[in-house]
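Below is one structure, written out as structure tokens, with a few remarks after it.
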Amino acid sequence: MLVLSRQRDESIIIGDNVVVTIVDIRGDKVRLGIEAPKEVPVHRQEVYEAIRREAQKARNDADAAAGDAK
3 MLVLSRQRDE SIIIGDNVVV TIVDIRGDKV RLGIEAPKEV PVHRQEVYEA IRREAQKARN
63 DADAAAGDAK
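Residue 72 is where the sequence shown ends in my numbering, and the numbering goes up by one at each step.
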């Protein structure tokens with residue numbers, strides 16, 4: 003894992019088209035601004051994991067339905 007130190011209003015660049023900027027720092031919370039093309043999904047980790055769980059559940063349900071149809 004790459005670990006970087008940044009201050010408020012400083013940024014890092016990921017690839018050619020994603021910019022992450024430190025917007026605010028308050029206590030133990032850091033607010034990030036993320037600029038990315040619309041085709042690049044950006045999610046908080048807990049949201050991403052929920053999306054993956056739902057997609058897996060949908061695949062499992064579809065597989066079960068296909069098995070019942072046989």
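We treat Cβ as the ideally placed atom computed from N, Cα and C, and that holds for glycine.
Since the model is a prediction, treat every value here as computed from it, not as a measurement.
The continuous beta strand (DSSP E) containing residue 20 extends over residues 20-28.
Counting C-beta pairs closer than 8 Å gives fewer than three between the segment 30-50 and the segment 62-70, which falls short of the contact rule. For the pair residue 37 and residue 21, the CB atoms are nearer than the 8 Å cut-off. Between residue 24 and residue 55, the alpha-carbon positions lie close to 30 Å from each other. Here DSSP, grouped into helix, strand and coil, assigns residue 8 to coil. Bridge pairing for residue 33: 26 [DSSP].
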